[in-house]
Every structure is written in C-alpha cells, then in structure tokens.
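Peer 1:
In mature numbering (1 follows the signal peptide of the UniProt record, and there is no 0), the protein residues as written are -25 to -1, 1 to 289.
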C-alpha cells in the first residue's frame, strides 16, 4: 500500500520547515457520466510519479500534491506565522487556449488571493477579497458568459479563480456558503465542479469550519492556475460523484467567410453539450466511516459550435 502522507522539507535561509502534504484527486468527463455514475477521488500524486517517473505529467485540471511555491520565502513565513503547515488540498486548473486578457486577469487575482488567512468560523468571499474587477485595479477585458453567448467584460476570466476555489473547498471538506454554476459548461473543469462570480450579484463564499486558521495560497503560471489551502489538520478523503440527468446536444452555427478556400469550413469555437448534472461527495473518515453531502444540481445550456465556411456557388 502506498503511503500518501509525505513530508516535504523546505529549506529557507538555513531553516528546515516541515510541512505535511496531502491532496485528493477528482476528475471526470461528461461523456463518462451516466445515470448513477460514481466518480471517485483518489490520492493521485504518487500515481502520477509512478506513471511519469522524473518527467512532469501532462498538465491537466485536477487535484495535485506538488505546487510551485514550496520554496517561496513568503509562503514559508506565512505558514509559520499562522501555524498552518498542513496542506488540506490543492487544485490545478488548466486554461485551454486562453483568450486575450484571460491569463492576465487570472494571474492578477491569484496574486491578490495568495496569503489570505481565514479565521475559524469566518466566511470567505471572492468578491470581497478580490473585487471589484475594474480597470483601475489592473483588470483587463476578458471572456465572460452572458446567457448563451460568450462576450468580453472587464475582469473576464476571474471565474477560473472561483471554480478552482470551489474544488479546493470541496476537497478540503469545508462548508460552501454560496456557489453558482455557469450558464454554459466550461472547458477547464468537469461539469458540476465550476463556479461563477459577478461583482454585486453572484459570489463564491465558503466558511472555515475547522478549529484553526486557514491559509490560502495561489499562483498563475502561464495558462495554469494553482490554489491550495493550508491548516492545522489533514482533510479526510473526499470522493466526487456526478449523475447526468439529461443532455442537450450543442447546436452548430454557420457563418460565411469568403476568405476561406471555396468549399471549405473551419471550426472557430468548439461547442459543448448542455446538461443537467446532480453532484454530491462522499467523505471518508480515518476509520473508514463514510458520510454523504449533497452539492445540488447544476444546469447548463449548450454552447454552440461556431463554424465558418465558404460555400461553393452553384
């Protein structure tokens, strides 16, 4: 049996800092989700190392054990100062082909998030911690869902922060206070595992229901976002479950592009099927006892394929 409780020594200025790290891995895809389907979270870091040896595993969204700030002096000091030396969970979100402004907004928001400490019983609000998402605070125009269309707004892209926070919150077995799914599915986390925010109307909130302080750390590197929570006690094993109640096939929208070769077409925006997804988690205690927590139902409209073509004249 693999030992999933690893000790990582962080050496900074001659000081050996000990941190016990634990994470839980949960991954699923809509095409694998059938009624009654069971998608188990697993402790994945050791499996990744076994599969890929010394090479980095392919970057994909999911829970991780290793994070890029392990030797960061400010991070180590924050852990020491707050006595938050144990990783509860960490999640990596990969942005596929980020649109203009998206990476920049995610990196900016991650920097605002890193180092925040949530006291026992205190509620965390993303809008309160990072918002407002306005130009004077450095935010740019980025991609945003409004109803059934993709557009751009100042701060577009910060929902990647909300979705990643949501996953870390669930894997840390913390209480979700407020969460909304997107109007359409997103390509960077599984159906049922996203969260959206809009300053002044929709927020992502959770409560620190642990007996000690909670430290948040976050960092964006190129198209990858990492967020982790640190506290004083390891989180239990958490298993994601999703049940797809129905699916709406993504429609195709065609546009004429006379610059294409005659008789050809190209997909300029990949579509995604709409769905109604029921989600819940199973929490496994150290003694093996399991409890179930309902996470509600997420409703997604289909995201249409946008296809440009140059139809040959008759």
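For each residue, glycine too, the CB sits at the ideal point set by N, CA and C.
Enumerate in chain order the residues of its own chain whose CB-to-CB distance from residue 58 is below 8 angstroms, with the five nearest sequence positions on each side excluded.
Peer 2: Here the set comprises 187, 188, 207.
Peer 1: Report the option in 227, 94, 252 whose CA atom is closest to the CA atom of residue 205.
Peer 2: Check the Cα spacing between residue 205 and each of 227, 94, 252: the tightest is with 94.
Peer 1: Quick one: what's got a C-beta closer than 7 angstroms to residue 198's C-beta in the same chain, skipping five residues either side?
Peer 2: Contacts found: 69, 70, 73, 78.
Peer 1: Three-state secondary structure (DSSP) at residue 272?
Peer 2: When DSSP states are grouped into helix, strand and coil, residue 272 belongs to the strand group.
Peer 1: Where does residue 243 land, buried or exposed, given buried means 16+ other C-beta within 10 angstroms?
Peer 2: exposed
Peer 1: Give me the DSSP bridge partner(s) of residue 214.
Peer 2: 257
Peer 1: Answer yes if the segment 253 to 268 comes into contact with the segment 129 to 136, meaning at least three C-beta pairs across the two stretches below 8 angstroms, and no otherwise.
Peer 2: With a cut-off of 8 angstroms, the segment 253 to 268 and the segment 129 to 136 do not count as touching, because too few Cβ pairs lie within range.
Peer 1: Kindly indicate the opening and closing residues of the beta strand (DSSP E) around residue 206.
Peer 2: 199 to 206
Peer 1: Where residue 168 and residue 232 are concerned, what is the direct C-alpha to C-alpha distance, given to the nearest angstrom?
Peer 2: Roughly 36 angstroms separates the two Cα atoms.
Peer 1: Okay, do the segment 140 to 149 and the segment 212 to 227 touch, 3+ Cβ pairs below 8 angstroms being the bar?
Peer 2: yes
Peer 1: Considering only their Cβ atoms, is the gap separating residue 105 from residue 115 smaller than 8 angstroms?
Peer 2: no
Peer 1: Please classify residue 229: is it buried, with 16 or more other beta-carbons within 10 angstroms of its beta-carbon, or exposed?
Peer 2: exposed
Peer 1: At the level of alpha carbons, what is the spacing between residue 151 and residue 182?
Peer 2: 6 angstroms
Peer 1: On the DSSP letters alone, give me the boundaries of the alpha helix (DSSP H) that residue 146 sits inside.
Peer 2: Going by DSSP, residue 146 is part of the alpha helix (DSSP H) stretching over 134 to 146.
Peer 1: Which word fits residue 223, buried or exposed, when buried means at least 16 other C-beta atoms lie within 10 angstroms of its C-beta?
Peer 2: The residue in question, residue 223, is exposed, as its Cβ has fewer than 16 Cβ neighbours within 10 Å.
Peer 1: Can you name, in chain order, every residue of its own chain whose Cβ lies under 6 angstroms from the Cβ of residue 83, other than the five neighbours on each side?
Peer 2: 113
Peer 1: Leaving out five residues on either side along the sequence, give the residues of the same chain with a beta carbon under 8 angstroms from the beta carbon of residue 80.
Peer 2: 108, 114, 115, 117, 130, 131, 132, 133
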